[in-house]
Structures are given as structure tokens and as C-alpha cells.
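Read through the structure below, which is laid out as C-alpha cells, and then see the notes.
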Amino acid sequence: QERMVESGGGLVQAGGSQRLSCVASGSIFSIQNMAWYRQAPGKQRELVAFMTSNGITNYADSVKGRFTISKGDDRKTTYLQMTSLKPEDTGVYYCNVTLGADPDTWYWGQGTQVTVSS
133 QERMVESGGG LVQAGGSQRL SCVASGSIFS IQNMAWYRQA PGKQRELVAF MTSNGITNYA
193 DSVKGRFTIS KGDDRKTTYL QMTSLKPEDT GVYYCNVTLG ADPDTWYWGQ GTQVTVSS
């Protein structure tokens with residue numbers, strides 16, 4: 133059973149950096165399309181970054197130039213590198229991916245809390 137396991141969240145000061153990881157645990161398939169979302173307290177979940185299977189990326193305006201989405205060499209891990217963090221980046225971050233040859237089934241990670249202090 134495919135399961136996405138996230139790690140890397142925590143408390144960081146404004147201006148700092150953090151890298152989130154999301155690995156396809158127990159899957160024999162590689163990540164194809166991938167995305168990272170975040171949900172701030174009292175707000176809806178929003179798309180932060182997206183990468184297609186052929187490497188095309190897209191970012192929310194609020195994170196452009198600061199966040200980078202990537203895929204690991206193992207092809208089963210996706211990363212979100214965050215720099216120049218701001219308090220408004222605080223929230224629960226979720227990865228969302230497709231695996232193998234199935235482009236229609238998206239798998240969610242459990243979420244990891246990122247808190248940026250001012």
C-alpha cells in the first residue's frame with residue numbers, strides 16, 4: 133500500500149531555511165507528478181509548488197524565488213526547499229504525488245507543521 137511519509141517540519145526563525153521531505157514508503161513505484169500544499173490556521177489549503185513528471189514547475193506568487201520543489205535521485209522522494217522564511221509561511225505542509233503509470237490517483241502525506249517565528 134502506497135503511503136507518503138513527510139518529515140522536516142519544525143520551528144525556524146524568520147529569514148531562515150528549512151527543507152521538507154516526502155517519501156513514497158512501501159511503494160515500488162516512482163513519483164511522477166508532485167505538489168506541496170500548505171494550510172495556515174483558519175485558512176484553506178493552498179497550492180505552494182508543483183512539478184510535472186517532465187520537470188515543469190510552478191509556484192505560488194508568495195513563494196517564488198524562495199521555495200524550490202525537487203525530486204530525489206531515488207525517484208521516490210520529493211523535497212521542498214524553503215529559504216528566506218517569513219512568519220506568513222507558517223502552516224501545515226502537505227505533499228501530494230502521483231506514482232508509477234497511474235496519473236489519476238494522488239497520494240497525500242500526513243502533513244508536517246512549519247512554524248516561522250518573527
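Take 133 as the starting number for the sequence shown in my numbering and just add one per residue. Even glycine gets a Cβ: it sits at the ideal position worked out from N, Cα and C. Please read these numbers as outputs of a predicted model, since none were measured by experiment.
Closest by C-alpha distance to I188, out of A172, S159, M166, L179, is M166. Put simply, the backbone Cα of A233 is about 12 Å away from that of I160. Taking the Cβ atoms as the reference, T247 lies roughly 16 Å from T215, outside the contact range of under 8 Å. When the beta-carbon positions are compared, Y226 and W238 stay at least 8 Å from each other.
Beta bridge pairing from DSSP links D234 with L231. Of the candidates P173, S185, A192, A192 places its Cα closest to the Cα of L179. S250 is positioned such that its CB atom lies closer than 8 Å to that of A146. A residue is called buried when at least 16 other Cβ atoms come within 10 angstroms of its Cβ; N228 meets this threshold and is buried. Residue nearest to A156 within the set Q245, Q213, Q176, K203 is K203 (criterion: CA-CA distance). Burial check for Q150: the Cβ neighbour count within 10 Å reaches 16 or more, so the residue is buried.
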